[in-house]
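Q: Please find one structure pasted underneath; my questions will follow.
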Amino acid sequence: MQALKDRIMKEGKNLGGGILKVDHFINHQVDAGLMDACGEELARRFAGCGATRILTAEISGIAPALMTGLHMGLPVVYARKSKPITMPDTVYLTVAPSHTRGRSVELIVSPEFLGRGEKVLIIDDFLASGATIMGLVRLTEAAGATVAGIGALVEKSFEGGRDALAYLNVQIESLACVVSMVDGKIVIAQ
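Position one of the sequence shown corresponds to residue 148 (the numbering used here), numbered consecutively onward.
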């Protein structure tokens, strides 16, 4: 998606260590118009996947997942990183490493929002190593649901996440694919 690629090239920052800072339009300040366009494009790409709901991770995945859900007419569930008192005692919980936080985080979903037989479209901001998305896959499987597809705004292909998820045999889409982040540069596949 050219608009997203252009923003990454204009405002994205290579912080080293594989960290791509996109805080001006995705991760801290959100460009609602851009997210709407991204959601529309993801909805178009996954129109035939048969999803019954969308699952993402708190917090940066919420904006693209919500806009995709809006365009697909699907509910959006996000895995919480801490359990609120309003959540039942029995939950689906997994742990996934967070590259930007430098530690593992919990991903928690209430069984009332993810159930047996659901077809889940996983949407997140990044597909890098695939660790967070694998956590969302584990939550989906624990609920007795199936993964219908995986979408991300930005893929960092050099981290191998797509290959790690290939065993799922589902459609995997990214709107911008960063192929290299060497010497302070950001290289996006065209």
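C-beta: ideal position from N, C-alpha, C; glycine also.
1. Are the CB atoms of residue 296 and residue 193 within a distance shorter than 7 angstroms?
2. Give me, in chain order, the residues of the same chain whose beta-carbon lies closer than 8 angstroms to that of residue 155; leave out the 5 immediate sequence neighbours on both sides.
3. Reducing DSSP to helix, strand and coil, say where residue 174 ends up.
4. If distances are taken between C-alpha atoms only, which option among 274, 163, 197, 228 comes closest to residue 292?
5. Whole angstroms are fine: how far does the CA of residue 235 sit from the CA of residue 257?
6. Are the Cβ atoms of residue 271 and residue 203 separated by less than 7 angstroms?
7. When we look at the beta-carbon of residue 175 and count the other beta-carbons within 10 Å, is it buried (16 or more) or exposed?
8. Give every residue of the same chain whose Cβ lies closer than 8 angstroms to the Cβ of residue 315, excluding the five residues on either side of it in the sequence, and list them in chain order.
A: In brief:
1. Here residue 193 corresponds to residue number 46 of the sequence shown, with the count starting at 1. Here residue 296 corresponds to residue number 149 of the sequence shown, with the count starting at 1. Less than 7 angstroms divides the Cβ of residue 193 from the Cβ of residue 296.
2. To locate residue 155, count along the sequence shown from 1; it is residue 8. Cβ neighbours of residue 155 beyond the five flanking positions: 167, 169, 301, 323, 325, 333, 335.
3. Working through the sequence shown from its first residue, we reach residue 174 at position 27. Three-state DSSP puts residue 174 in a helix.
4. Along the sequence shown, read from residue 1 onward, the residue named residue 292 stands at position 145. Here the closest residue by C-alpha is 197.
5. As a working mapping, residue 257 is identified with position 110 in the sequence shown. As a working mapping, residue 235 is identified with position 88 in the sequence shown. Spanning the two alpha carbons is a distance of roughly 7 angstroms.
6. The residue given as residue 271 occupies position 124 in the sequence shown. The residue given as residue 203 occupies position 56 in the sequence shown. It is a contact, given that the beta carbons lie within the stated cut-off.
7. Here residue 175 corresponds to residue number 28 of the sequence shown, with the count starting at 1. Counting of Cβ neighbours within 10 angstroms places residue 175 among the exposed residues, the total staying below 16.
8. By 1-based counting over the sequence shown, the position of residue 315 is 168. These residues qualify, in order along the chain: 284, 294, 297.
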